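Residues in the sequence shown are numbered consecutively from 1, following our numbering.
Beta carbons: idealized from backbone N, C-alpha and C, even for Gly.
As the structure is a prediction and not an experimental result, all values here were calculated from the model.
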Amino acid sequence: MDLSHLNTFIHVAKTGNISQSAKMLGVPQPTLSRHITQLEHTLGQKLIDRQHRPIKLTPAGNFFYQHAKKNLHELTELITLTKNFGKSTPNTLNIGFVASILYGLLPDVISELRTRLPHLDIRLIEVSSDEQTHALKTGEIDVGFGRFLSSQAFIQQLFLRHEQLVVALPTQHQLAKNHSMTFEALSNEMLILYHRTPMLLSTGQTFDPLLHLFYERHLTPKHTQKVRDIQVALGLVSAGEGITIVPMSLKGIHQDKITYLPFSPNDITSSIYLNTLSGDQNPNILALLKSIHTIYEQKNITQTNPLLQNL
Ligand code: BEZ
Numbered sequence: 001m002d003l004s005h006l007n008t009f010i011h012v013a014k015t016g017n018i019s020q021s022a023k024m025l026g027v028p029q030p031t032l033s034r035h036i037t038q039l040e041h042t043l044g045q046k047l048i049d050r051q052h053r054p055i056k057l058t059p060a061g062n063f064f065y066q067h068a069k070k071n072l073h074e075l076t077e078l079i080t081l082t083k084n085f086g087k088s089t090p091n092t093l094n095i096g097f098v099a100s101i102l103y104g105l106l107p108d109v110i111s112e113l114r115t116r117l118p119h120l121d122i123r124l125i126e127v128s129s130d131e132q133t134h135a136l137k138t139g140e141i142d143v144g145f146g147r148f149l150s151s152q153a154f155i156q157q158l159f160l161r162h163e164q165l166v167v168a169l170p171t172q173h174q175l176a177k178n179h180s181m182t183f184e185a186l187s188n189e190m191l192i193l194y195h196r197t198p199m200l201l202s203t204g205q206t207f208d209p210l211l212h213l214f215y216e217r218h219l220t221p222k223h224t225q226k227v228r229d230i231q232v233a234l235g236l237v238s239a240g241e242g243i244t245i246v247p248m249s250l251k252g253i254h255q256d257k258i259t260y261l262p263f264s265p266n267d268i269t270s271s272i273y274l275n276t277l278s279g280d281q282n283p284n285i286l287a288l289l290k291s292i293h294t295i296y297e298q299k300n301i302t303q304t305n306p307l308l309q310n311l
């Protein structure tokens, strides 16, 4: 089946007008009609009711259109990905990461990888969880560390671990005298939000990840302020401007001015994922996984993912 014929059909189905599509695609109208007829011959089905004005899809045409438009997009992406496949320099590993990962085990993992592969040129690039998908597809990064699940075609996510979330409060705040914190107690405070992209739920709804923690408990913070990133959020907390919620590995930042408290109950976590293109067998990524495995062993971190356990 000719991809350009498929593309033509999808265009006509969208516009509902053969001559308009011919003009927009820059193809003479008889050629466009012939392409659709050839597609109909291949499928053994009439796709368009040409008697109808404006033209109308037949039931088979409508069925084909609904599925073809999604698959053509993926197929076009697949063609680009395959053309670029394996073009990254074998001795380079471009690693994308979200800012909060930098304060955790990333430096340990990178230094272990440098010992394992001394000649590998490792480049670290800050890329938000959301942008990592695009950066992987364009080859800007070979691998990414992020905190959110995505269900994008051609992207594979390997769950690494759950990291505990803690509340960051100005040390002079009266709530900072507590040993632990509840969401109820926090809902009257100024909550500083810092995520650049909202989280997508299976229902299709999107939420700011910190606000979602409150909504899940049927609470809404009274006051919120949005800033550019997690470092700015912690800067504002240290200046006494509000409170925020961060992964535990950020506990060292502004320690003199910020008190970090666990939640009660202490079961609020953020997941860490390793993102790659599906089916990418880059040996440097395998070496990176082995480095993560080694660091987790050194730090006594339980490895629940069988892929990590069996390295
Ligand atoms: C971690 O904190 O578990 C982690 C961070 C970066 C790379 C791998 C693991």
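According to DSSP, residue pairing for Glu163 in a beta bridge involves Ser270. A distance of 8 angstroms or more separates the beta carbons of Leu81 and Leu211. When beta bridges are read from the DSSP output, Glu126 appears opposite Phe97. Per the DSSP secondary-structure output, Thr259 pairs in a beta bridge with Leu169. Beyond the five residues adjoining it in sequence on each side, Ile295 comes within less than 7 angstroms, by CB distance, of Leu105, Asp108, Val109 and Glu112 in the same chain, given in chain order. Spatial neighbours of Leu219 in its own chain (CB-CB distance under 8 angstroms, excluding positions within 5 residues in sequence) are listed in chain order as Phe183, Glu184 and Ser187. Per DSSP, the unbroken alpha helix (DSSP H) holding Ile110 starts and ends at Leu106 to Arg116. In this model, Pro30 and Ile36 are separated by some 10 angstroms (Cα to Cα). In this structure Glu163 touches Ser249 by the C-beta definition: roughly 7 angstroms separates them, less than 8 angstroms. The ligand BEZ approaches Phe145 closely enough that one of its heavy atoms is under 7 angstroms from the residue's Cβ. Following the DSSP letters along the chain, one finds Leu191 inside the beta strand (DSSP E) bounded by residues Met190 to Leu193.
Annotation: Glu77 to Gln156 spans about 15 angstroms, alpha carbon to alpha carbon. In the three-state reduction of the DSSP assignment, Gln38 falls in the helix class. Taking a cut-off of 8 angstroms for Cβ pairs, the region 167 to 183 and the region 196 to 209 do not touch, as fewer than three such pairs fall below it.
Per DSSP, His5 has no beta bridge partner at all. At a threshold of 7 angstroms, Glu163 counts as near the ligand BEZ, since its beta carbon sits closer than that to one of the ligand's heavy atoms. Here Gln45 carries a coil assignment [DSSP, helix/strand/coil].
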